[in-house]
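Enquirer: Here it is: the structure, laid out below.
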Amino acid sequence: MYPFEYQTASSVADAASRLAAHGDAKLLAGGQTMIASMKLRLAQPSHLIDLAGAADMRGIQVSATEVTLGAMSRHAEVARSAAVQKAIPVLAKLAGGIGDRMVRNMGTIGGSVANNDPAADYPAAVLGLNATVRTNKRSIAADDFFLGMYETALAEGEIITSFSFPIPRRGAYMKFKNPASRYALVGVLVAQLADGSVRVAVTGAGPVVFRVPEMEKALTAQFAPEAVAGIKIPADGLNADIHAQADYRAHLITVMAKRAVAAALA
Amino acid sequence: MATPYIGVPVQRREDLRFLTGAGNYTDDLTLPHQTHAVFVRSPHAHARIRSIKLERARAAAGVVGIFTGADVAAAKINGLPCGWLITGNDGKPMNEPAHPILALDTVRHAGDGVAVVIAETLAQARDAAEQVEVDYEVLPAVVDAVAALAPGAPLLHEGAPGNRCYTWDIGDKAGVDAAFARAAHVTTLEFVNNRLIPNAIEPRAVNASYSRADDSYTLYVANQNPHVERLLMCAFVLGLPEHKVRVVAPDVGGGFGSKIYLYAEDVVLTWASRQVNRPIKWTADRSESFLSDAHGRDHHTKAQLALDKDGQFLALRVNTTANLGAYLSTFASAVPTILYATLLAGQYATPVIHCEVTAAFTNTAPVDAYRGAGRPEATYVVERMVETAAREMGIDPAAIRRRNFIRSFPYQTPVALMYDIGDYEATLDRAIELADVAGFATRRSQSQARGKLRGLGYACYIEACGIAPSSVAGALGARAGLFEAGEVRVHPTGKVTVFTGSHSHGQGHETSFAQVVADRLGISMDDVEIVHGDTSKVLFGMGTYGSRSLAVGGTAIIKALDKVVAKGKKIAAHLLEAAETDIEFADGQFKVAGTDRSKAFAEIALTAYVPHNFPHDKLEPGLNENAFYDPSNFTFPAGTYICEVEVDPETGAVNIERFVAVDDFGNIINPMIVEGQVHGGLVQGLGQALNECGVYDSASGQLTTGTFMDYCMPRADDMPSFKVATHGTACTHNPLGVKGCGEAGAIGSPPALMNALTDALGVADFAMPATPQRIWATLQSKQQRKAA
């Protein structure tokens, strides 16, 4: 680790002004990727601005139509929230399946989504549940947020403050884990939204989370596992590494989608 | 009052300190005026060093010293030695290219050491190391052994033409050829035994210091055999007198073979500690461990088994290419030869066997012994061949094994070993019972109904442990003896300190050895302390590897105990005014046979040290004895493992449903420790078969699996609940009748799992590790074959 200055922010506004004051500053939102990169000397921020004390970035609210998660909600908080479990069970379950206990007690949804790791779970929830990402500057629709590998619509100095998840009729997330890292080799979130439309979001398989329109169309017509079981996903453009070639990932998307539908109906 | 301890599951006395953070590991130690070292390592798999610029690094804050290969060469420090000379089948000694402790003009694997930077703090050493400017001319690299032997492959060492270290063989080639000519059936398989990266919890660590006061060195090092470390370093590399070098291996957090060896870092720090006149500490970070620890396995093998029409084995023919990495590590040359090919008889009376091994240098980390060392590779060959032959011939896999078991002992195999005793049918029977093989067919159809594939596989392993009779080892090329030493120091109050040359780094010797000593002396275990791991305390030691500690180190202690008792009898005879021949020793009492006159062990000890009434004309005072023991044969643990798996054909995911291990370890001192050793071995073996694989990129030579994100260590949820049992036939040639249990699990489990998986998938073979992707791809190509 290279030397750096550690600061704490008391609010979103405080974090934004500290971020603007130092060119090489980075936000610390749990640090489950940031700290590891710094320890390997792969990242060298001049300042780390810890958001843990920003009260306006915390809290879970559930209304009749939506769940709002503060950006600094820890995975463990979301997983064990009775209100989230009741309103959007798939969201609580997904959060409870991220990493291990230590990761879940430190990592936050804001940190994970801003980092946009191609194999992270939360991007599948944000995209698959059609969430809105709220920042200190604006609101961004999930469809407009995830741009590429580790790349998002966030502008320089823009800070995620919260997420609004509309409550769907049903949904489920199926993750096939990378045997080594236990990240998603392929993770598929299937949700039938309140208006009856269906979203299928895939993480782990490509450079960035993506939707599968063909499956969504088939499931909108018939929300049943058989509807997607025969849909083959092209391997072009999917990730390939020692753990999974692209054709295997493509195959797993179909299997996980089918199982997610079955789980959503169970 | 002493109780019998042997055979009792006494809780491990060392666990309190380990589990409460009171252990004392090398990295825990900070010496006065401590400095810290960081190694500058090659980022390239193969490159020529054009120049190294140190000006900026030397000017960095806190730097105490920087040394490169040029400094080492100027100091006339030798390269690291290889402890085993293999003579090739051309009659010539193996090629032994230099293994410099810091690269001089060429780097030969990613992570090869180029310079050491020593600074006041670790952070300063890291900062300065980043300022070392090395100009490399990158050369083509080769990471695969078969590719390295092919014409035109990049050459690693001038002294090893064609990248060949040796081609060696064992057995009767003509006899094998003749047997194949009359075979009714021949089974042929070609497979890879995947490269493993050891990953002990505690990484390698060194803290070296030099004392100007008496011109001596002290080296603390995470190591399995401190005396061997000292011998190799003093005699072969630095030319230091042994009496001026103390090597201490304090608490060591796992070794699995990877801490047997004399590593470059150990020597560099020892030498440099005198140059800077300060203690220097280095602890590998995990990334360095991946790059620079000796790896394991990495064989490519083609094997053929000839059988008669009834499934009787006629001959086994094996051809193996072994990857030794970039340099010869301490025992690298012996692993794919002496520790491998000699085990190819397995549990079977195969009349003729021939095995040829070619060992190659590649641009990868050195490969050496790793839990099992050669024996897992041999067992994999034998047990995959046997199971495959049974399936091809339509014979039950257990029946084909029974048909070929060795049943009379001692048994001379066609590959040099003489098995003293065993009962292979007994362990097979017990395993079949515990695994409920009878119920397998029902379970298989239940799985099928759920869309799952179920399979069952056997492995009947044997290993040669208790390494080793020195004369045999010497005849086979060992450059060291393989005896063990022990010392029993009885204190005046009757308390006992035992010094052993065996080293414990997870094995629980402090408990199991104390059980043996307390039982033999009829005293409480609380009165026995086991000391190991310090050349200044322990008289000598060859260390811990090859499941040898109890069989060899334990026997040395027994021999010393016998001497203590013999002297005690003399003292007792004097005190009790009886003839020495009338004195019996049992339950801690020296007793005149047939009388109630006796002296307790502690009374005799006190007399030995307060010798007022003592036979000074016949005896010296004191009660302190040592012994060396050189075994007359190897020990031969054996057993049967049965694995049952269920595969999800849609995803390729594997679930190990049942795993039964029935082992013959001879007599058992502490069944709880033995069970723990079996569990640990099984996880490592199943880890090899299911999860682990060291992968180098064939184009760049970079280690692809350089972190736990890509190198898949087995985890608890990958493993079933093991069912383990033992069935012992006592070893015939050591007094405890013990055989060793440290490696068995890692030896027998990979073929058991792969036999189960190939059964489930209905294919002849596919390569370890059985990752979901591989299983899915195997099923895909099977379907395509069917369709075609």
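Chains as they are written, first to last, in the numbering used here: chain A, 7 to 272; chain B, 5 to 792.
We put the CB at the ideal spot given by N, CA and C, even for glycine.
For a contact meaning CB atoms closer than 9 Å, what does Val-121/B contact in chain A?
Expert: The premise fails here: Val-121/B is roughly 15 Å from chain A at the closest Cβ pair, so nothing lies under 9 Å.
Enquirer: I want to verify the contact list: residues of chain A whose CB lies under 7 Å from the CB of Phe-43/B, in sequence order.
Expert: None at all; the shortest Cβ gap to chain A is about 15 Å.
Enquirer: Have a look at the DSSP bridge pairing and note the partners of Asn-327/B.
Expert: Ala-364/B, per the DSSP bridge assignment.
Enquirer: Distance cutoff 9 Å, beta carbons only. Does Phe-71/B sit that close to anything in chain D?
Expert: Reference to chain D is not applicable here, since the protein chains of this structure are A and B.
Enquirer: Classify Leu-48/A: buried if its beta carbon has 16 or more other beta carbons within 10 angstroms, exposed otherwise.
Expert: When all chains shown are included, Leu-48/A counts as exposed.
Enquirer: Measuring CA to CA, which of Gln-15/B, Gln-777/B, Leu-309/B is closest to Glu-679/B?
Expert: Closest option to Glu-679/B, Cα to Cα, is Gln-15/B.
Enquirer: May I ask you to list the residues that DSSP assigns as paired with His-40/B?
Expert: Answer is Ala-123/B, Lys-285/B, bridged to His-40/B.
Enquirer: Can you tell me the Cα-Cα spacing of Met-5/B and Ile-527/B, whole angstroms?
Expert: Below a pLDDT of 50, predicted positions are generally treated as unreliable, and Met-5/B, at 40, falls in that range; the measurement from the model is reported next regardless. If you take the alpha carbons of Met-5/B and Ile-527/B, they lie about 7 Å apart.
Enquirer: Would you mind stating whether Phe-444/B and Arg-434/B have Cβ atoms separated by less than 9 Å?
Expert: No. Outside cutoff.
Enquirer: Given a threshold of 16 other Cβ atoms within 10 Å of its Cβ, counted over all protein chains shown, does Thr-341/B qualify as buried or as exposed?
Expert: Counting Cβ neighbours within 10 Å, Thr-341/B comes out buried, since at least 16 surround it.
Enquirer: Measuring alpha carbon to alpha carbon, tell me which of Ala-131/A, Ser-23/A, Val-18/A ends up nearest Ala-58/A.
Expert: That would be Val-18/A, whose Cα lies nearest to the Cα of Ala-58/A.
Enquirer: Quick one: any contact between the segment 356–368 of chain B and the segment 326–343 of chain B, if contact means 3 or more CB pairs under 8 Å?
Expert: Yes: the two stretches touch, three or more of their Cβ pairs being nearer than 8 Å.
Enquirer: Would you kindly report the start and end of the unbroken beta strand (DSSP E) that includes Val-252/B?
Expert: Here the beta strand (DSSP E) through Val-252/B covers 249–252.
Enquirer: Among Leu-347/B, Phe-184/B, Ser-475/B, Pro-418/B, whose alpha-carbon lies nearest the alpha-carbon of Asp-312/B?
Expert: When each option's Cα is compared against that of Asp-312/B, the closest is Phe-184/B.
Enquirer: Check the Cβ of Cys-716/B against every Cβ in chain A and list those closer than 9 Å, keeping chain order.
Expert: Correct list: Asn-184, Pro-185, Ala-186, Ser-187, His-249.
Enquirer: Going along the chain, which residues of its own chain have a beta-carbon closer than 8 Å to the beta-carbon of Asp-270/B, five neighbours each way excluded?
Expert: Counting only Cβ-Cβ distances below 8 Å, and skipping sequence neighbours, we find Val-210, Ala-212, Leu-223, Val-225, Asn-227, Glu-233, Met-237.
Enquirer: Pick helix, strand or coil for Thr-796/B, following the three-state DSSP scheme.
Expert: Not covered by the structure: residue 796/B. The range shown for chain B is 5 to 792.
Enquirer: By the three-class DSSP mapping on this structure, what secondary structure does Asn-121/A have?
Expert: It is helical.
Enquirer: Could you give the first and the last residue of the continuous alpha helix (DSSP H) run that contains Ala-85/A?
Expert: Looking at the DSSP string, the run of the alpha helix (DSSP H) that includes Ala-85/A is 81–86.
Enquirer: With distances taken from CA atoms, which of Lys-573/B, Ala-583/B, Glu-581/B is nearest Ala-590/B?
Expert: The residue with the shortest Cα to Cα distance from Ala-590/B is Lys-573/B.
Enquirer: With distances taken between CB atoms, is the gap from Ser-55/B to Ala-107/B smaller than 9 Å?
Expert: Contact: no.
Enquirer: So, at 6 Å on beta carbons, what are the nonlocal neighbours of Met-7/A in its own chain, with the 5 sequence-adjacent residues on each side left out?
Expert: Taken in chain order, the residues that qualify are Met-44, Lys-45.
Enquirer: State the CB to CB distance for the pair Tyr-415/B and Ala-642/B, rounded to an integer number of angstroms; the pair is presumed to be in contact (CB under 8 Å).
Expert: With 8 Å as the limit, Tyr-415/B and Ala-642/B do not qualify as a contact, their Cβ atoms being about 12 Å apart.
Enquirer: Name, in chain order, the residues that DSSP records as bridge partners for Phe-589/B.
Expert: Phe-594/B, per the DSSP bridge assignment.
Enquirer: Could you spell out the range, first to last residue, of the beta strand (DSSP E) harbouring Leu-191/A?
Expert: 190–198 is the span of the beta strand (DSSP E), which, as asked, contains Leu-191/A.
Enquirer: Does the beta-carbon distance from Leu-623/B to Lys-603/B come in below 9 Å?
Expert: Cβ distance not < 9 Å, so Leu-623/B and Lys-603/B don't count as in contact.
Enquirer: Does the Cβ-Cβ distance between Gly-537/B and Pro-254/B come in under 9 Å?
Expert: Yes, the Cβ-Cβ distance between Gly-537/B and Pro-254/B is below 9 Å.
Enquirer: Say whether the segment 654–671 of chain B touches the segment 721–730 of chain B, bearing in mind that this needs 3 or more beta-carbon pairs closer than 8 Å, one atom from each stretch.
Expert: The answer is yes - the segment 721–730 of chain B touches the segment 654–671 of chain B, with three or more Cβ pairs under 8 Å.
Enquirer: List the endpoints of the continuous alpha helix (DSSP H) containing Arg-255/A.
Expert: Counting along the chain, the alpha helix (DSSP H) containing Arg-255/A begins and ends at 252–271.
Enquirer: Would you check if the distance between the CB atom of Phe-517/B and the CB atom of Gly-558/B is smaller than 9 Å?
Expert: Contact: yes.
Enquirer: When you compare only the Cα positions, how much space is there between Ile-673/B and His-509/B?
Expert: Approximately 18 Å, taken between the alpha carbons.
Enquirer: Which of the three DSSP states, helix, strand or coil, is assigned to Ser-528/B?
Expert: Ser-528/B falls in the coil class under three-state DSSP.
Enquirer: Could you name the residues of chain A that Val-371/B contacts, counting a contact when the two beta carbons are closer than 7 Å?
Expert: Going along chain A, no residue has its Cβ under 7 Å from Val-371/B, so there is no contact; the nearest lies around 19 Å.
Enquirer: If you draw a straight line from the alpha carbon of Arg-454/B to that of Asp-242/A, how long is it in whole angstroms?
Expert: In a straight line, the C-alpha of Arg-454/B is about 32 Å away from that of Asp-242/A.
Enquirer: Anything in chain B within Cβ reach of Leu-258/A, meaning under 8 Å, just list it in chain order.
Expert: In chain order: Thr-655.
Enquirer: Which residues of chain B have a Cβ atom closer than 8 Å to the Cβ of Val-261/A, listed in chain order?
Expert: Chain B residues near Val-261/A: Glu-654, Thr-655.
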